[in-house]
Amino acid sequence: MKIICIGRNYANHAKEMKSDIPTEPVFFMKPDTALLKEGDFYLPDFSKEMHHEIELVIKICKSGKHIAEQFAHKYYEEIGLGIDFTARDLQAQCKAQGLPWEKAKAFDNSAPIGMFVNKNELNLKNIEFELKINGVSKQLGHSSDVIFSFDKIIAYVSQFVTLKMGDLIYTGTPEGVGPVKIGDKLEGFMNGKSMLHLNIR
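Numbering (the numbering used here), first residue to last: 20 to 220.
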């Protein structure tokens, strides 16, 4: 199982990060050790600025490579909610030096994952998702605002990387990313339904 993350898939998030709007999907990967299914998230001592990024997550249901966009919908059946934790201070340091920034994204437990629902229960073009911290809304996104659709992401990524059953694709975060601190309680919602709970330790 691998975790594939799409960067800058929401225009307003790209703007808040002072980044260009991409003309093709930007992706990076996290190892399976980044997945956090249950339990609390412990702030690592190597970062002083850990940011939350709530994302819709596609679960791949069968293997495929060079998948045509018109057939991409056959390769996933479930949509879930996850968080892409980012050590923003490390990422900034790496970017400034022109270095890869996996250590800011791919560290252990950096990809919490919540519940999944069957995609047939959703209007994929109109999914609302939200992150609340201590009961206060911090990020609110809509699938209608993506730059690249789920199917386009699958078609693009599969040109380079074979997708396998169980792979997870984090499809990008909306604007509103920011820091978390010890004691914070994070809760993620999809169409108003609570899908993810996480305490920061």
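Don't be surprised by glycine CBs; every beta carbon is placed ideally from N, CA and C.
* Cα-Cα separation between G202 and V155, rounded to whole angstroms -> Reading the sequence shown from its first residue, position 183 is the one you call residue 202. Reading the sequence shown from its first residue, position 136 is the one you call residue 155. If you take the alpha carbons of G202 and V155, they lie about 14 Å apart.
* If you measure from the CB of I73, is any heavy atom of the ligand SAH nearer than 7 Å? -> In terms of ligand content, the structure shown is empty, and the ligand SAH therefore cannot be addressed.
* In chain order, what residues of the same chain have a beta carbon less than 8 Å from the beta carbon of V165, not counting five sequence neighbours either side? -> Counting from one through the sequence shown, the residue named residue 165 turns up at place 146. Cβ neighbours of V165 beyond the five flanking positions: N28, Y29, T190 and G191.
* Determine, using beta carbons only, whether L55 and N153 come nearer to each other than 8 Å. => By one-based count along the sequence shown, residue 55 stands at place 36. By one-based count along the sequence shown, residue 153 stands at place 134. Their beta carbons are not under 8 Å apart, which means L55 does not touch N153 by this criterion.
* Asked: Looking at C-alpha atoms only, which residue of E206, K93 and S168 is the closest neighbour of N139?
  -> Residue mapping note: residue 139 aligns to position 120 of the sequence shown, counting from 1. If we check each option's Cα against that of N139, K93 comes out closest.
* Using beta-carbon positions only, say whether I172 and P44 come within less than 8 Å of one another. => What you label residue 172 is simply residue 153 of the sequence shown in a count that begins at 1. What you label residue 44 is simply residue 25 of the sequence shown in a count that begins at 1. It is a contact, given that the beta carbons lie within the stated cut-off.
* Quick one: what does DSSP say L141 is sitting in, helix, strand or coil? -> Position 122 of the sequence shown, counted from the first residue, corresponds to residue 141. Per DSSP, reduced to three states, the secondary structure at L141 is coil, with no helix or strand assignment.
* To do: Give the range of the alpha helix (DSSP H) segment to which N153 is assigned.
  => As a position in the sequence shown, residue 153 is number 134, starting the count at 1. Here N153 belongs to no alpha helix (DSSP H), and DSSP marks it neither H nor E.
* How should G117 be labelled, buried or exposed, when 16 other C-beta atoms within 10 angstroms of its C-beta is the threshold for buried? -> What you label residue 117 is simply residue 98 of the sequence shown in a count that begins at 1. So G117 counts as exposed.
* Asked: What is the DSSP secondary structure of C113, reduced to helix, strand or coil?
  -> Here residue 113 refers to the residue found at position 94 when the sequence shown is read from its first residue. Reduced to three states, the DSSP call for C113 is helix.
* Asked: Quick one: what does DSSP say I132 is sitting in, helix, strand or coil?
  -> As a position in the sequence shown, residue 132 is number 113, starting the count at 1. In the structure shown, I132 adopts extended strand secondary structure according to DSSP, grouped into three states.
* Asked: Taking the alpha carbon of S213 as the point to measure from, which residue in V199, G185 and K151 has its own alpha carbon closest?
  -> Against the sequence shown, residue 213 aligns to sequence position 194. Of V199, G185 and K151, the residue nearest in Cα terms is K151.
* Asked: Anyone know if the C-beta pair for F169 and I77 falls short of 8 Å?
  -> As a first step, residue 169 must be located in the sequence shown, where it is residue number 150. As a first step, residue 77 must be located in the sequence shown, where it is residue number 58. Against a cut-off of 8 Å, the Cβ pair of I77 and F169 comes out as a contact.
* To do: Determine the direct distance from the alpha carbon of C80 to that of K21, and round the result to whole angstroms.
  => Position 2 of the sequence shown, counted from the start, is the residue given in the question as residue 21. Position 61 of the sequence shown, counted from the start, is the residue given in the question as residue 80. Answer to the nearest angstrom: the Cα atoms are 13 Å apart.
* Name the two residues that bound the continuous beta strand (DSSP E) containing I77. => The sequence position of residue 77 within the sequence shown is 58, counting from 1. It spans I73 to I79 - the beta strand (DSSP E) in which I77 sits, taken as one unbroken run.
* Nearest-angstrom Cα distance between Y59 and A130? -> For the purposes of this step, residue 59 is taken as residue 40 along the sequence shown, with counting starting at 1. For the purposes of this step, residue 130 is taken as residue 111 along the sequence shown, with counting starting at 1. Reading off the sequence shown, one finds Asp at residue 59, where the question assumed Tyr. So the two alpha carbons sit approximately 12 Å from each other.
* Among residues of its own chain, excluding the 5 on either side of K84, which ones have a beta-carbon nearer than 6 Å to its beta-carbon? -> By one-based count along the sequence shown, residue 84 stands at place 65. Within the same chain, Cβ atoms closer than 6 Å to the Cβ of K84 are found at S177 and T181, the five residues on either side in sequence being excluded.
* Spatially closest choice to E74 from F126, G133, A106 and L141, by CA coordinates -> Looking up residue 74 in the sequence shown gives position 55. Here the closest residue by C-alpha is G133.
* Which residues mark the beginning and the end of the alpha helix (DSSP H) in which H32 is found? -> For the purposes of this step, residue 32 is identified with residue 13 of the sequence shown, where counting begins at 1. Taken as a continuous stretch (DSSP letters only), the alpha helix (DSSP H) holding H32 covers A30 to E35.
* DSSP-derived helix/strand/coil call for H92 -> On the sequence shown, residue 92 is found 73 positions in, with the first residue counted as 1. In the structure shown, the three-state DSSP call for H92 is helix.
* Extent of the continuous alpha helix (DSSP H) run through F169 -> Stepping through the sequence shown from its first residue, residue 169 is reached at position 150. Note, F169: alpha helix (DSSP H), F169 to V176.
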